[in-house]
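A.B. asks: The structure's right below; bear with me while I get my questions together.
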Amino acid sequence: HKTNQVLGQALLAKRMGKNEIIAETGAGQHGVATALACALLGLKCRVYMGAKDVERQSPNVFRMKLMGAEVIPVHSGSATLKDACNEALRDWSATYEDAHYLLGTAAGPHPFPTIVRDFQRMIGEETKNQILAREGRLPDAVIACVGGGSNAIGMFADFIEEESVRLIGVEPAGKGIDTDQHGAPLKHGKTGIFFGMKAPLMQDPNGQVEESYSVSAGLDFPSVGPQHAHLNAIGRAEYDNVTDDEALEAFQEIARHEGIIPALESSHAVAQALRMARENPEKEQLLVVNLSGRGDKDIFTVHAILEEKGAI
């Protein structure tokens, strides 16, 4: 889904006379999409990526470099997505006359969350058209994983006014929501200032940003976009969480039964749908899951985990 809004922002940057693009990436999908757009439009491309993510997402690092992007590993902090965001913002603040910061999620300072939502809302628009054509009615629920929240807000946007449709976002519970190794700020954080926005944030008692954790690099983020914070506050959307183990189980299940290898991020949404089906086996439910990414980038991570567990 990352390419949807990347092409829009890259064309906007070109129109504004910028010749360089700065981006951050976690799982590498946004970085790859940005490198693709820059190659198409003849723009220079710099992508900041946490050193830990560079290591666990090596296929996407190679793709970015292949398309001419400069990939800059970030070693500060937890060496993950939040640190890549910080470095990208620092770069942009010094080079904004020539560069555009192509933010990858529905977070950060205004107008980025709005720009990203509007370019991503085609996900929900197409979903609504297709479900009405196929089933003759709206779904009971639409489900999407939530890190910063771009794929989810794109899916939710066209359904917000449809009160009969439940909007369910899925945050990463990591090694357990009762541990300090998760990435669920909406339900287990408190309001703070981060990344140029006021939003739910994982913080310690002194207000310092805590490190998030998830097996999926794209959900390993200590905050969430302000639009999701609003939907949660007014009760229009529900936000649940899924552990690493549940996501890995869903990853394998959909691969075995559907022949689809999903991204670990998307596997959190699949796990939520499976949970809902198992909790109400007698209830007929029309559920739509946003399978927001493919899992070829994650196969080495999953293989290592399953091998360590003796599952393969």
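All letters in the sequence shown, in the order written, are residues 3 to 314 by the working numbering. Where a beta carbon is used, it is the ideal one built from N, C-alpha and C, also for glycine.
(1) Just tell me which of D206, G261, L293, I155 has its CA closest to the CA of Q7.
(2) Taking only the alpha-carbon atoms, compute the straight-line gap between A25 and R168 and give it to the nearest angstrom.
(3) For a minimum of 4 consecutive residues, which ranges assigned as the alpha helix (DSSP H) are wholly contained in the segment 125 to 169?
(4) Determine the direct distance from the alpha carbon of G297 to that of G261, and round the result to whole angstroms.
(5) Using C-beta distances below 7 angstroms, list every residue in its chain close to N234, excluding the 5 sequence neighbours before and after it, in chain order.
(6) Going by Cα to Cα distance, which pick from N208, E213, V217, T193 is closest to A306?
(7) Give every residue of the same chain whose Cβ lies closer than 7 angstroms to the Cβ of M199, excluding the five residues on either side of it in the sequence, and list them in chain order.
(8) In whole angstroms, what is the alpha-carbon distance linking L45 and A12?
(9) Where does Q287 land, buried or exposed, given buried means 16+ other C-beta within 10 angstroms?
(10) Tell me, please, whether the segment 278 to 292 touches the segment 127 to 139 by the rule of three or more beta-carbon pairs shorter than 8 angstroms.
(11) In whole angstroms, what separates the C-alpha of M66 from that of K177?
(12) Cα separation between T107 and G150?
(13) What is the DSSP secondary structure of F1, counted as helix, strand or coil?
(14) Only counting the same chain, and skipping five residues up and downstream in sequence, which positions put a Cβ closer than 6 angstroms to that of S1?
(15) What does a CB cutoff of less than 7 angstroms around I256 pick up in its chain, not counting 5 residues either side in sequence?
(16) Does the Cβ of R58 have 16 or more other Cβ atoms within 10 Å, making it buried, or fewer, making it exposed?
(17) Where in the segment 231 to 299 do unbroken runs of the alpha helix (DSSP H), each at least 4 residues long, occur, reported from the N-terminal end onward?
(18) Short check: CB of P224 to CB of S214, under 9 angstroms?
C.D. replies: If we stick to the structure as given:
(1) Here residue 7 refers to the residue found at position 5 of the sequence shown. Selection D206, G261, L293, I155 evaluated against Q7 yields I155 as nearest (Cα-Cα).
(2) Along the sequence shown, one-based indexing puts residue 25 at 23. Along the sequence shown, one-based indexing puts residue 168 at 166. Between A25 and R168, the C-alpha separation is close to 33 angstroms.
(3) Taking only runs of at least 4 residues, the alpha helix (DSSP H) segments lying wholly in the segment 125 to 169 are 152 to 158.
(4) The sequence position of residue 261 within the sequence shown is 259, counting from 1. The sequence position of residue 297 within the sequence shown is 295, counting from 1. Straight-line Cα distance between these residues: approximately 12 angstroms.
(5) Along the sequence shown, one-based indexing puts residue 234 at 232. The answer, listed in chain order, is L188, Y241.
(6) Here residue 306 is taken as the residue at index 304 of the sequence shown, counted from 1. V217 is the residue among N208, E213, V217, T193 whose C-alpha sits nearest the C-alpha of A306.
(7) As a first step, residue 199 must be located in the sequence shown, where it is residue number 197. Exclusion of the five residues before and after M199 leaves A109, G110, P111, P228 as the residues of its chain whose Cβ lies within less than 7 angstroms of its Cβ.
(8) Looking up residue 45 in the sequence shown gives position 43. Looking up residue 12 in the sequence shown gives position 10. Using only the alpha carbons, I get a separation of about 9 angstroms.
(9) Locating residue 287 in the sequence shown gives position 285, where the first residue counts as 1. Q287 comes out exposed.
(10) Under the 8 angstroms Cβ criterion, the segment 278 to 292 counts as touching the segment 127 to 139, having at least three qualifying pairs.
(11) For the purposes of this step, residue 66 is taken as the residue at position 64 of the sequence shown. For the purposes of this step, residue 177 is taken as the residue at position 175 of the sequence shown. A straight line joining the alpha-carbon of M66 with that of K177 spans about 30 angstroms.
(12) In the sequence shown, the residue the question calls residue 107 occupies position 105. In the sequence shown, the residue the question calls residue 150 occupies position 148. Roughly 5 angstroms between the two C-alpha positions.
(13) Because residue 1 is not part of the residues shown, which for the chain are 3 to 314, the question remains open.
(14) Absent from the structure is residue 1, since the part of the chain shown begins at 3 and ends at 314.
(15) Within the sequence shown, numbered from 1, the residue matching residue 256 stands at position 254. Once the five neighbours on either side are set aside, the close Cβ partners of I256 are I262, P264, V272.
(16) Your numbering for residue 58 matches position 56 in the sequence shown. So R58 ends up on the buried side.
(17) Unbroken alpha helix (DSSP H) runs of no fewer than 4 residues, entirely contained in the segment 231 to 299, are found at 246 to 260, 266 to 281, following chain order.
(18) Here residue 224 refers to the residue found at position 222 when the sequence shown is read from its first residue. Here residue 214 refers to the residue found at position 212 when the sequence shown is read from its first residue. Between P224 and S214, the CB-CB gap stays under 9 angstroms.
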